[in-house]
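All the letters of the sequence shown, read from the start, carry residue numbers 1267 to 1867 under my numbering.
For each residue, glycine too, the CB sits at the ideal point set by N, CA and C.
Being a predicted model, the structure only gives us computed values, none of them experimental.
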Amino acid sequence: MTVNPHLEVVHVFVAALEQLGVRHVCISPGSRSTPLTIAFARHPGFKVWTLLDERSAAYFALGLAQQTRQPVVLLCTSGTAAANYLPAVVEARFSRVPLLVFTADRPKELRAVGANQTIDQVNLYGSHVKWSLEMPTPDGTAELLPHARQMAVRLVTNALSAPQGPVHLNWPFREPLLPPQKRDVESEFIEHVLPMSVAIARKQFTELELQNLADIINRIERVLFIVGPQFDQNLAEPLLQIALKLKIPILADPLSQLRAVAQTSDLQYIIDHYDSLLRHQELVEAKFLTQWKPELVIRLGQMPVSKVLGAYLAKLRGVRQLAIDDASEWRDPIFGATDVWQTDPVLLLQALNRIVPEREESLFAANWRALNEQIADCQRKAIDAIEGQMRDQFSREQTFAMPSLLFEGRIFLELAHLLPPHTTLYVGNSMPVRDLDSFFGKINKPMFILGNRGASGIDGVVSSALGASAGHTNGPTVLVIGDISFFHDLNGLLAAKQYRIDLTVILVHNDGGGIFSFLPQATQDDVFPYFETPHGLEFQSVITMYQGVYKQISDWETFRREMTRSIAEGGLRVLELRTNRELNVLMHRKVFQTCREELLP
């Protein structure tokens, strides 16, 4: 066995990461990454996850970092392995998730000469990482040891600084690839070195700026908070306090961490059915753009999922819109922001709470609250009634094969009541997140609701949810996902088998691409086959292959029973709900139309 003494630097680097608080390492097995793999595997401070498929591994790391809010290491060998990380790196960049991406590489002399498994990995991820650098090839130079420690600090600092995100370090290694034992490394760089720490700076505001903002809010009667997707669960308490104090409605995206909060929180100013309200253009034109038009909009987080909310905000020309963001990035695709504050939203709200006086509720706020409650009640009743009407209709017609009458939107009505406190609810893109927005109402039950809304892809969602579950220690994790997205990431299920990760998957199976049935393309019969994606796949055997439990759900009573059992028993369990695409579109439209008629008789 030939050991490369120059590779002692990897032990110094890995020990520094452990001192900085990094705890999880996701490894895609390969040869060129041997030095770092061995260093991480032999260090007792890390939980090492070995994940065979690189794309899946990267999304698993993403979900783990979303859940823990700490940087997660992602390590692979050279070549296309590194390229397969790109989709998850893109998502991490735009959803602000801290990842430490380490790619092993050939040394410089083997590049651009036709060496095997060698591509250009320098700056491989381009602008989709916050910072990218290449380490010197380890050659025994003494300065590399303190340099490695410093590099670890810079990587973690960059990943955690606002905006949080992925960083990339390319590691060239010469053969032989076996590093020395950790005990053989110079002790002054590991055991006898002072502990390391990183203090992340926060953008602050002056007392004058704070008082000016408080004065503006106090002078204006019609104020709205808009909160889009964001991960910080500490935002809820100060925001709910100031909303209650100043009687300001909060239009809360389902991924804002504001719809499912502690039992003691007062949610009366959370507006959770704005998506349904703003679908009705007559109501928007008659009310929300006239006497109920806000004078000030305060925006936090990403742009919301709701397309109709984005369209409404874009129409508020002449209305002051203040975007509060802890980073120097400009998240304003509607070009509506008139003011941008680059500061920590939690610190700002806590400070405002200390100086703003309590005030009476305005008619503006009262109307928002009343309409929100009215449409929430209407939707619940409409769903029950429409499902019943369709069941009666098909029974009367004695249809030979009764189509599925399970309404996809109802899944989230049910989950709000079925899920226990401290559940992590992971929601796929396309229709599931939109139904979450429309039908998952506010509830006094703390949950962490996650999704990949940075780049909003349908790939990697199974792996992301498994990563989130792996980092979740005090409650179940439930994934709601469509069949196309599930198909995209079937490889991800291997992690559940390998590590016995608990995950309940609610698989919404409408045989492909249900969201396109809601879009204008659906009216173009000659080209619509190029958008819909029927696949005719049966997933039960795949679930069995990964040692999961499969249940097909045909009615809501069975759904409730199997959900309760799945959460109690754990493991990988897939509850498949077969839905009918055409009927699902019709039922959505009937629910929204029924409530429109109630709101605008």
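Check, Outcome
"4-residue-minimum alpha helix (DSSP H) runs that sit fully inside the stretch 1507-1586, ordered along the chain", "1540-1543, 1573-1580"
"Straight-line gap, A1378 to Q1387 (C-alpha atoms, nearest Å)", "11 Å"
"Between the CA atoms of P1520 and H1854 - distance to the nearest angstrom", "18 Å"
"Through-space distance from F1678 to E1320, alpha-carbon basis", "32 Å"
"Residue of F1279, N1500, I1724 minimising C-alpha distance to Q1416", "F1279"
"Where the alpha helix (DSSP H) containing R1847 begins and where it ends", "1847-1865"
"Under 8 Å between C-beta atoms of Y1351 and G1758", "no"
"Test item: CB-CB of V1339 and V1276 under 8 Å", "no"
"Beta-carbon separation (whole angstroms), I1724 vs I1750, contact threshold 8 Å", "6 Å"
"Supposed close pair V1870, V1699 - CB separation, criterion 8 Å", "Coverage of the chain is limited to positions 1267 through 1867, which leaves residue 1870 absent and any answer about it impossible."
"R1834, enclosing alpha helix (DSSP H) - first and last residue", "A quick correction: the sequence has Ala, not Arg, at residue 1834. Run containing A1834: 1822-1835, per the alpha helix (DSSP H) assignment."
"Classification of A1281 by the beta-carbon crowding that lies within 10 angstroms, buried from 16 upward", "buried"
"Extent of the continuous beta strand (DSSP E) run through L1435", "1433-1438"
"Segment limits, alpha helix (DSSP H) that includes I1772", "First-last for I1772: 1769-1775, but that is the beta strand (DSSP E), not the alpha helix (DSSP H)."
"Simplified DSSP assignment, three categories, for Q1499", "helix"
"Backbone secondary structure at S1427 - three-state DSSP", "coil"
"CB of V1622 within 8 Å of CB of A1480, strictly", "yes"
"Continuous alpha helix (DSSP H) stretch holding E1441: start and end", "That residue, E1441, is in no alpha helix (DSSP H); it is neither H nor E in DSSP."
"Exposure label - A1354; buried when at least 16 CB within 10 Å", "buried"
"Of the residues L1376, N1850, I1466, the one placed nearest S1344, counting alpha carbons only", "L1376"
"Chain D contact for Q1332 (CB, 8 Å cutoff)", "The question asks about chain D, but that chain is absent: this structure has only one protein chain."
"Identity of the residue in Q1499, L1510, P1495, I1514 nearest V1489 by Cα", "I1514"
"C-beta contact flag for R1372 and Q1430 at 8 Å", "no"
"Test item: CB-CB of L1575 and D1598 under 8 Å", "no"
"Reduced DSSP secondary structure (H/G/I, E/B, other) of W1596", "coil"
"Cα-Cα separation, R1862 to L1685", "30 Å"
"R1377 in three-state terms, based on DSSP", "coil"
"Contact set for G1675: own chain, Cβ-Cβ below 8 Å, skip 5 residues either direction", "I1649, D1701, S1704, F1705, M1853, H1854, V1857"
"N-terminal and C-terminal residue of the beta strand (DSSP E) that F1902 is part of", "One cannot answer for residue 1902 here, as it falls past the ends of the chain, which runs 1267 to 1867."
"Between the CA atoms of P1446 and M1697 - distance to the nearest angstrom", "52 Å"
"R1839: first and last residue of the uninterrupted beta strand (DSSP E) it sits in", "1838-1844"
"Between the CA atoms of I1819 and A1577 - distance to the nearest angstrom", "37 Å"
"Beta-carbon spacing of Q1608, S1628 below 8 Å", "no"
"Own chain, CB closer than 7 Å to N1389, minus 5 neighbours either side, in chain order", "S1398"
"Same chain, Cβ closer than 8 Å to T1810, five either side skipped, listed in chain order", "Y1816"
"Counterpart residues of Y1816 in DSSP-defined beta bridges", "V1840"
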